[in-house]
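Written out below as structure tokens is the structure these notes cover.
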Amino acid sequence: MAYTPPTPDDHDLVEAATRAIEARYKVGHHQIAAALRGGDGTVSLGVHLEASVGRASICAEAVALGGAVTAGLSDFETIVAVRHPAPTEAGGTIRVVPPCGLCRELLLDYAPDLHALLPAADGQVVRVRLTDLLPEKYVGTKWRTLSAHRDAGRRARDDVAL
Ligand SMILES: [Zn+2]
Numbered sequence: 040m041a042y043t044p045p046t047p048d049d050h051d052l053v054e055a056a057t058r059a060i061e062a063r064y065k066v067g068h069h070q071i072a073a074a075l076r077g078g079d080g081t082v083s084l085g086v087h088l089e090a091s092v093g094r095a096s097i098c099a100e101a102v103a104l105g106g107a108v109t110a111g112l113s114d115f116e117t118i119v120a121v122r123h124p125a126p127t128e129a130g131g132t133i134r135v136v137p138p139c140g141l142c143r144e145l146l147l148d149y150a151p152d153l154h155a156l157l158p159a160a161d162g163q164v165v166r167v168r169l170t171d172l173l174p175e176k177y178v179g180t181k182w183r184t185l186s187a188h189r190d191a192g193r194r195a196r197d198d199v200a201l
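Heads up: take any position in the sequence shown, counting from 1, add 39, and you land on my numbering.
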């Protein structure tokens, strides 16, 4: 797996996600925030939505992606998620966390060239291609290949004027 150092824009992305969870943290409701940067530099934020039925919960990455798609953004470049410590974690700090497996699947459906920021052992972050985190992504009959899906997505965007 090829890790690379974060860019200055990546540090800004971590800061944006951190500000989001500082503003929206609510015990039992929102503990994770994500920031997704598009190729044009636009950043979409999302917080995770905890549900009373666990399986109904939605990850922050999915919320950020949904907001970005709704806003008409595409060609996503980098995503990061940060976790706010629970009240029981005395002295805890907001820290970068890797995307879960479901988010890796979802994000690669919409952003096959996406990079993610991961926590590094020294408290810093590193960049990695999301495909390196999910090398054998599920490819069903709906979207046979990632590139075919990406092309289909571009055609769909070209066909829809909001
Ligand atoms: Zn997730």
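We put the CB at the ideal spot given by N, CA and C, even for glycine.
Terminal residues of the alpha helix (DSSP H) in which residue i lies
| i | result |
| --- | --- |
| P47 | 47–63 |
| A103 | 99–109 |
Contact set for residue i: own chain, Cβ-Cβ below 6 angstroms, skip 5 residues either direction
| i | result |
| --- | --- |
| A90 | S96 |
Where residue i falls: helix, strand or coil (DSSP)
| i | result |
| --- | --- |
| V165 | strand |
| A120 | strand |
| L112 | coil |
| T170 | helix |
| G77 | strand |
| A72 | strand |
| A200 | Low confidence applies here, because A200 scores a pLDDT of 48, under 50, leaving its location unreliable and the question unanswered by this model. |
| A125 | coil |
| A90 | coil |
| A160 | coil |
| A95 | helix |
Other residues of its chain near residue i: CB distance less than 8 angstroms, five sequence neighbours each side excluded
| i | result |
| --- | --- |
| G29 | There is no way to answer for residue 29, as the model of the chain reaches only from 40 to 201. |
| P137 | A120, A155, L157, P158, L172 |
| E144 | L173, K176, Y177 |
Boundaries (first-last residue) of the beta strand (DSSP E) holding residue i
| i | result |
| --- | --- |
| R134 | 134–136 |
| G85 | 82–86 |
| L141 | Element bounds for L141: not the beta strand (DSSP E) but the alpha helix (DSSP H), 140–149. |
Cβ-Cβ distance between residue i and residue j below 8 angstroms
| i | j | result |
| --- | --- | --- |
| D49 | R166 | yes |
| A73 | I118 | yes |
| E116 | G85 | no |
| I133 | T57 | yes |
| A107 | C142 | no |
| L146 | T170 | no |
Beta-carbon proximity list for residue i, same chain, < 7 angstroms, skipping 5 on both sides
| i | result |
| --- | --- |
| G67 | E89 |
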